[in-house]
Amino acid sequence: MKINFVYVLVVVFVLIVILIRNNIGGDKKKREIILDRNCEIVGIEDSVIFKVDPFGEHFKCVTFLQDEVILELRHYKPYLKKYPDISFLFYIETDDKEYVIETLKEMSFTYPVFIESKNNEKMIFINYLLDSKSCILEITNPSISNFGEQLEHYSGGNRY
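In case it helps, the numbering used here puts the sequence shown at residues 42 to 201.
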């Protein structure tokens with residue numbers, strides 16, 4: 042009976058050490074987002090083009106949304122102008138590309154967007170701030186009061 046108790050204690054101790062070494066309960070490991078580079082890019086006729094490789098090794102603001110909430114893009118317009126060194130990538134899930142283009146025109150949203158096929162497994166609207174290796178730094182969006190501060194913190198190419 043004593044040997045079983047000692048054995049259980051050793052197993053529990055080893056499990057605790059393994060959990061600590063895997064950072065459970067410690068610092069969070071950064072999770073990488075694999076960005077789809079093969080999506081169709083659409084925009085309105087006077088759409089801006091990417092000034093740098095949008096997937097390059099620099100800070101990114103990546104938004105995934107379904108076409109039902111495409112109007113949320115209007116909240117990004119001031120940030121697109123203020124932070125030109127940040128790649129803003131907008132992935133829109135839709136089966137109706139023409140609807141997306143018409144809505145972009147109505148909003149005068151001149152930034153290109155990526156079109157993905159509808160997939161009901163994804164969230165309706167989520168935004169990530171990614172570092173130069175596409176690892177998640179923050180989960181946020183323009184409706185959060187410190188969104189601009191977060192962009193300011195990471196912009197300029199020297200804080201990630």
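Note that beta-carbon positions come from the ideal geometry of N, C-alpha and C, so glycine has one too.
DSSP-derived helix/strand/coil call for T144
The residue you call residue 144 lines up with position 103 of the sequence shown. In the structure shown, T144 sits in a helix (DSSP, three-state: H, G or I).
According to the neighbour-count rule (16 or more other Cβ atoms, all chains shown, within 10 Å of its Cβ), is N168 buried or exposed?
For the purposes of this step, residue 168 is identified with residue 127 of the sequence shown, where counting begins at 1. So N168 counts as buried.
Exposed or buried, which one is V141 when buried takes at least 16 other CB atoms within 10 Å?
Residue 141 sits at position 100 when you count from the first residue of the sequence shown. Under this definition V141 is a buried residue.
Going by C-alpha to C-alpha distance, which of Q107, V103, F96 sits closest to L26?
Look at the range of the chain in this structure, 42 to 201, and you will see that residue 26 is not part of it.
Are three or more beta carbon pairs between the region 121-135 and the region 149-163 nearer than 8 Å?
yes
Per DSSP, what kind of secondary structure is L170 in: helix, strand or coil?
As a first step, residue 170 must be located in the sequence shown, where it is residue number 129. Looking at L170 - three-state DSSP - the assignment turns out to be strand.
Please identify the residue among G189, S196, H194, Y195 whose C-alpha is closest to the C-alpha of P119.
Sequence index remark: in the sequence shown, residue 119 carries index 78 (1-based). Here the closest residue by C-alpha is G189.
Can you tell me whether L112 is buried or exposed, with buried defined as 16 or more other CB within 10 angstroms of its CB?
Against the sequence shown, residue 112 aligns to sequence position 71. Per the 10 Å Cβ criterion, exposed.
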